[in-house]
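Notes follow once the structure below has been shown.
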């Protein structure tokens with residue numbers, strides 16, 4: 198009987214879509230604390246974008262976590 202029940206549950210679409218998730222819930226967000234300039238920075242690369250007349254297709258940006266100041270530069274390729 199256990200085998201029949203297991204087979205039924207595993208082959209039933211209703212049972213598979215309604216079963217509770219076995220993964221843990223996502224953790225809570227935590228603030229990032231910094232005490233000095235450039236102690237922690239974030240880098241991001243955006244693209245590919247339409248090519249500019251100077252041949253740039255990507256934008257790279259850096260953000261200082263303390264001051265929230267940003268620096269962005271256009272670059273021709275992502276390995277620049």
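In the working numbering, the protein residues as written are 198 to 277. The beta-carbon is built from N, C-alpha and C at its ideal position, and this holds for glycine as well. Note that the structure is a prediction, hence the values are computed from the model and not measured.
CA-to-CA distance, residue j to residue i, given in whole angstroms
i, j, result
"residue 220", "residue 204", "23 Å"
"residue 207", "residue 223", "26 Å"
"residue 249", "residue 261", "27 Å"
"residue 247", "residue 230", "37 Å"
"residue 263", "residue 227", "16 Å"
"residue 265", "residue 225", "23 Å"
"residue 209", "residue 202", "10 Å"
"residue 234", "residue 211", "55 Å"
"residue 254", "residue 215", "46 Å"
Beta-carbon proximity check, residue i vs residue j, cutoff 8 Å
i, j, result
"residue 239", "residue 275", "no"
Residues near residue i in its chain [Cβ-Cβ closer than 8 Å; skip 5 each side]
i, result
"residue 256", "242, 243, 244, 246, 269, 270, 271, 272"
"residue 236", "262, 263"
Opening and closing residue of the beta strand (DSSP E) in which residue i lies
i, result
"residue 240", "238–243"
Sequence-distant residues of the same chain with beta carbon closer than 6 Å to residue i, five excluded per side
i, result
"residue 259", "238, 240, 268"
N-terminal and C-terminal residue of the alpha helix (DSSP H) that residue i is part of
i, result
"residue 199", "199–208"
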